[in-house]
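Q: To start, I am sharing the structure in question, which I have written as structure tokens.
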Amino acid sequence: GNSVTQMEGPVTLSEEAFLTINCTYTATGYPSLFWYVQYPGEGLQLLLKATKADDKGSNKGFEATYRKETTSFHLEKGSVQVSDSAVYFCALSEKGNTPLVFGKGTRLSVIA
Amino acid sequence: GAVVSQHPSWVICKSGTSVKIECRSLDFQATTMFWYRQFPKQSLMLMATSNEGSKATYEQGVEKDKFLINHASLTLSTLTVTSAHPEDSSFYICSASGGEQYFGPGTRLTVT
Numbered sequence: 001g002n003s004v005t006q007m008e009g010p011v012t013l014s015e016e017a018f019l020t021i022n023c024t025y026t027a028t029g030y031p032s033l034f035w036y037v038q039y040p041g042e043g044l045q046l047l048l049k050a051t052k053a054d055d056k057g058s059n060k061g062f063e064a065t066y067r068k069e070t071t072s073f074h075l076e077k078g079s080v081q082v083s084d085s086a087v088y089f090c091a092l093s094e095k096g097n098t099p100l101v102f103g104k105g106t107r108l109s110v111i112a
Numbered sequence: 001g002a003v004v005s006q007h008p009s010w011v012i013c014k015s016g017t018s019v020k021i022e023c024r025s026l027d028f029q030a031t032t033m034f035w036y037r038q039f040p041k042q043s044l045m046l047m048a049t050s051n052e053g054s055k056a057t058y059e060q061g062v063e064k065d066k067f068l069i070n071h072a073s074l075t076l077s078t079l080t081v082t083s084a085h086p087e088d089s090s091f092y093i094c095s096a097s098g099g100e101q102y103f104g105p106g107t108r109l110t111v112t
């Protein structure tokens, strides 16, 4: 079956540091890939997505590129802020009306 | 973007009682809605998939008689936790799909 593996946290960074959260996936077809962010006590917000190989999703300074050859979708940000502190989930979906398969989440803490 | 609401946002109930959680797509019609469950500091696990006008499809290990799902219209799905017990305490999140998936803000259930 489909699965998502992302790096274990927690990740603690100083403000303005470079962020990478690794995500790899296993899928039988050609899934769409997503990064969601969850702030404390809140639901999930879509951060970015990519629907086919070599697509780059980007939003709020975050980027991730769909790499079919390495089955990866690593999340990056050049300069993190304290407000980026949250839990980040990598996910995949085969089609629009199929449920998402989530990674375990990576907790990011950014300190001033 | 599309908006999905959940009500209530949090609820505390006594063991043995039932609790109903509503999930509404506010500005689009959702042919499919998904219910997820998230334990503290863990990822989201799919509980069931509901399609408007038909019976929900439950994931393995999810008791359909305990977690009653009704998807009576294209904008509303309900999850009823029957005879709730403390181990049912969790964060329940729905998502609605009309092509793309949009998540509700979640409902925190605490059973005492």
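Respectively, the protein sequence lines represent chains A and B. The opening position of the first sequence corresponds to residue 1 in the numbering used here, with each subsequent residue numbered one higher. The opening position of the second sequence corresponds to residue 1 in the numbering used here, with each subsequent residue numbered one higher. Glycine included, C-beta positions come from ideal geometry on N, C-alpha and C.
#1: Closer than 7 Å, Cβ to any Cβ of chain B: which residues of the segment 53–72 of chain A, in chain order?
#2: In this structure, how does DSSP classify A/Glu-76 when only helix, strand and coil are distinguished?
#3: According to the Cβ coordinates, are A/Ser-85 and A/Leu-108 closer than 7 Å?
#4: In chain B, which residues lie less than 7 Å from A/Pro-99 when you measure between Cβ atoms?
#5: Suppose contacts are defined by Cβ-Cβ distances below 7 Å. Is A/Phe-89 in contact with A/Gly-105 by that definition?
#6: Are the CB atoms of B/Ser-43 and B/Ser-77 within a distance shorter than 7 Å?
#7: Return the chain-ordered list of same chain residues with a C-beta closer than 8 Å to the C-beta of B/Asp-27, the five sequence neighbours on each side being excluded.
#8: Could you compute how far the alpha carbon of A/Ile-111 sits from the alpha carbon of B/Phe-91?
#9: With a 10 Å radius around its C-beta and 16 neighbouring C-beta atoms as the bar for buried, classify A/Trp-35 as buried or exposed.
#10: Quick one: is A/Gly-1 near chain B, going by C-beta distance under 7 Å?
#11: How long is the line joining the alpha carbons of A/Gln-81 and A/Glu-8, rounded to whole angstroms?
#12: What's the C-alpha gap between B/Ser-89 and A/Leu-44?
#13: Under 7 Å Cβ-Cβ, which residues of chain A neighbour B/Pro-86?
A: In terms of the structure at hand:
#1: none
#2: Here residue 76 of chain A refers to the residue found at position 76 when the first sequence is read from its first residue. Strand, per DSSP.
#3: For the purposes of this step, residue 85 of chain A is taken as the residue at position 85 of the first sequence. For the purposes of this step, residue 108 of chain A is taken as the residue at position 108 of the first sequence. Yes, these two residues count as a Cβ contact at 7 Å.
#4: Translated into the one-based positions of the first sequence, residue 99 of chain A becomes position 99. Correct list: Phe-34, Leu-46 and Thr-49.
#5: In the first sequence, the residue the question calls residue 89 of chain A occupies position 89. In the first sequence, the residue the question calls residue 105 of chain A occupies position 105. Yes. Within cutoff.
#6: By 1-based counting over the second sequence, the position of residue 77 of chain B is 77. By 1-based counting over the second sequence, the position of residue 43 of chain B is 43. Contact flag unset, no.
#7: Looking up residue 27 of chain B in the second sequence gives position 27. Cβ neighbours of B/Asp-27 beyond the five flanking positions: Ala-2 and Val-3.
#8: Against the first sequence, residue 111 of chain A aligns to sequence position 111. Against the second sequence, residue 91 of chain B aligns to sequence position 91. Looking at the two C-alpha atoms, the distance is approximately 27 Å.
#9: As a working note, residue 35 of chain A is residue 35 in the first sequence. So A/Trp-35 counts as buried.
#10: In the first sequence, the residue the question calls residue 1 of chain A occupies position 1. Output row for A/Gly-1: interface = no.
#11: Counting from 1 along the first sequence, the entry for residue 81 of chain A is found at position 81. Counting from 1 along the first sequence, the entry for residue 8 of chain A is found at position 8. Whole-angstrom Cα-Cα distance: 20 Å.
#12: Start at 1 with the first residue of the second sequence, and residue 89 of chain B comes out as number 89. Start at 1 with the first residue of the first sequence, and residue 44 of chain A comes out as number 44. Their backbone Cα atoms lie some 19 Å apart in a straight line.
#13: Your numbering for residue 86 of chain B matches position 86 in the second sequence. In chain order: nothing, as chain A lies at least about 20 Å away.
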